[in-house]
Amino acid sequence: MSSNAHTEDEWARMQPHITKLYSDEAKPLKEVMEILEQGYGFHATPRMYKHRLQKWGLDKKYKEREVIFMSLLKQQRDALGKQSVFYVRGRRVNWGQIEKYLHRRPDLQTKIRAGMLKLNSSGSDVVCSSPPPDPILHASITLQYTDELLRLLDGYYTSKFVGIPVTDGADLVRDDSITIRCLRKLDQARTMIYANMVEFGFRILNEALDDLRFVVRGEYATLMFDLFDVVTLFDQRHSSLTTELLRHAYGILLITFGDRHPLVWLMRRFIALPERDRYEIIASLMKAVVERCERLNVNGRMVERIKCHHFLLLDHMEVNETMTTTTFPEIDVATQDAVSTGYLGRLAGRLIFNQQFEEADRKTEQMLPWLQSPENRPNPCWPDIQMFYYHIRAHGTLMRGDDEAGQAWLEMVKQHSARYFSEI
Numbered sequence: 001m002s003s004n005a006h007t008e009d010e011w012a013r014m015q016p017h018i019t020k021l022y023s024d025e026a027k028p029l030k031e032v033m034e035i036l037e038q039g040y041g042f043h044a045t046p047r048m049y050k051h052r053l054q055k056w057g058l059d060k061k062y063k064e065r066e067v068i069f070m071s072l073l074k075q076q077r078d079a080l081g082k083q084s085v086f087y088v089r090g091r092r093v094n095w096g097q098i099e100k101y102l103h104r105r106p107d108l109q110t111k112i113r114a115g116m117l118k119l120n121s122s123g124s125d126v127v128c129s130s131p132p133p134d135p136i137l138h139a140s141i142t143l144q145y146t147d148e149l150l151r152l153l154d155g156y157y158t159s160k161f162v163g164i165p166v167t168d169g170a171d172l173v174r175d176d177s178i179t180i181r182c183l184r185k186l187d188q189a190r191t192m193i194y195a196n197m198v199e200f201g202f203r204i205l206n207e208a209l210d211d212l213r214f215v216v217r218g219e220y221a222t223l224m225f226d227l228f229d230v231v232t233l234f235d236q237r238h239s240s241l242t243t244e245l246l247r248h249a250y251g252i253l254l255i256t257f258g259d260r261h262p263l264v265w266l267m268r269r270f271i272a273l274p275e276r277d278r279y280e281i282i283a284s285l286m287k288a289v290v291e292r293c294e295r296l297n298v299n300g301r302m303v304e305r306i307k308c309h310h311f312l313l314l315d316h317m318e319v320n321e322t323m324t325t326t327t328f329p330e331i332d333v334a335t336q337d338a339v340s341t342g343y344l345g346r347l348a349g350r351l352i353f354n355q356q357f358e359e360a361d362r363k364t365e366q367m368l369p370w371l372q373s374p375e376n377r378p379n380p381c382w383p384d385i386q387m388f389y390y391h392i393r394a395h396g397t398l399m400r401g402d403d404e405a406g407q408a409w410l411e412m413v414k415q416h417s418a419r420y421f422s423e424i
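Using full-length UniProt numbering, the first residue of the sequence shown is number 1, and each one after it goes up by one.
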């Protein structure tokens, strides 16, 4: 393909890969271009890349006003004994690069040290915060954290729902295809990594984390529960990976909302807590949110979703003493949508894990009316839900020891992937 033949849609498809390589991994532009050429057959000139990077706000060059803003703010915070971490246009700043910039500009450095410049808010693309605390805290602080988080989240959810009529709130119950895709990829990545298919698993995990950025920006009512899916994705065998996921989620929240948002505070505290305390707090927070939403008379479908998510996370964390479907919220068939169909699939997955195969089959069958309805085929969520269905069928039959049927369902997974997810 010629270097000038790319459409806006083609650039949009490449944007997550370019952002990950250039911004998150801080690779030089030349290396990014080589990776995309070799891995994706995507050719473009350096000038075209630079135009896109600037358009997307990924330019690594710091502006003079940004350097001044960060330098003066750091001076103030240093004087107060506060450590500082800066983000410019969503990318963490390596302070060594700022020092090199000032070394090349001794005139600017002199003015900063002499107090000749004033701190102002011109650094609108700059976010400053204290770094996350060291991951060692005494367990006695857990109750204090829980109490404070409950108060913060109570105010947060009240502000989101008060004044929204029960019959309204379409945005609260929409089928968000990116969230569904993100959760599907998280589930798939965990399965692959546990099966020792590490390279493929981490590839899917990175794609899910790319989607997580957009999930956070949407800030739907289930966002806290979606974040808990990330926090609890892996067990103690992968504790270091869990810590990295926590830090990654914290970084996304910080960049998106700033350091005063309740969910930012929540993630920052979770980084410092041992898993057992983390799970205890999650269970308490989820219960409080469900009760709060019921008291606020929130849209019934939204409450249904929150209750489903609550149940599934409790079981995944093994907080439920026994797996019983009688406590799983009843899903209204008349209003069944992509999200509730996905919850049925996740419940089936948990039932398979607990070797309750017959009940898992029943829940999986309940996914079919939505999947087989012609009016749902154009829904952007449909390919992910259908993939989820095939994956559950394959998992269930293989867990039963029926290798032949399991391989047949895996073939369906491959065919569906080739048709709808060519990147897999």
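All residues carry an ideal CB built from backbone N, CA and C; glycine is no exception. Remember, it's a predicted structure, so these values are computed and weren't measured experimentally.
In this structure, Ala288 keeps its C-beta atom at 7 Å or more from the C-beta atom of Met267. Of the residues assessed, Ser130 falls on the exposed side of the cut-off, its CB having fewer than 16 other CB atoms within 10 angstroms. The beta carbon of Tyr49 lies closer than 7 Å to those of Leu29, Met33 in the same chain, with the five residues before and after it left out. Within its own chain, the residues whose Cβ lies closer than 8 Å to the Cβ of Glu275, once the five positions on either side in sequence are excluded, are Gln236, Ser239, Thr242, listed in chain order. The shortest C-alpha to C-alpha distance from Ala394 to any of Ala408, Ser84, His261, His51 is the one to Ala408.
Taking 7 Å as the cut-off, the Cβ atoms of Ile98 and Val67 count as close. Of the other Cβ atoms in all chains shown, 16 or more fall within 10 Å of the Cβ of Gln336; this residue is therefore buried. Contact between Val216 and Leu223 holds, since their C-beta atoms are separated by about 7 Å, short of 8 Å. For Cys308, the secondary structure class from DSSP, reduced to helix, strand or coil, is helix. Of the candidates Leu368, Phe225, Thr45, Phe225 places its Cα closest to the Cα of Ile180. The alpha-carbon separation between Lys111 and Phe86 amounts to approximately 21 Å. Contact check between the segment 342-358 and the segment 394-404: three or more CB pairs, one atom from each, fall below 8 Å, which counts as touching. Ser129 is bridged by DSSP to Val85. Runs of the beta strand (DSSP E) lying entirely within the segment 183-212 and spanning at least 3 residues: none are present. Counted as a single uninterrupted DSSP element, the alpha helix (DSSP H) harbouring Cys293 occupies residues 275-295.
Between Ser84 and Lys74, the gap from beta carbon to beta carbon is short of 7 Å.
In the three-state scheme derived from DSSP, where H, G and I count as helix and E and B as strand, Arg91 is classed as strand. Rounded to the nearest angstrom, the Cβ distance from His261 to Leu273 is 19 Å, too far for a contact under 8 Å. Unbroken alpha helix (DSSP H) stretches of 4 residues or longer found wholly inside the UniProt domain "Clr5" (8-60): 8-18, 29-40, 46-55, given in chain order. Bounds of the alpha helix (DSSP H) holding Ser239 are 239-257.
Nearest in C-alpha terms to Arg91, of all of Thr19, Leu245, Ser284, is Thr19.
Ala360 and Gly345 have their C-alpha atoms some 9 Å from each other. Buried is the label assigned to Met317, since at least 16 other Cβ atoms lie within 10 Å of its Cβ. For the 7 Å CB-CB criterion, Asn376 and Trp370 form a contact.
In this structure, Ser177 lies near Cys381, with their beta-carbon atoms less than 7 Å apart. If you draw a straight line from the Cα of Tyr389 to the Cα of His416, it comes to about 11 Å. Exclusion of the five residues before and after Gln188 leaves Ile204 as the residues of its chain whose Cβ lies within less than 6 Å of its Cβ.
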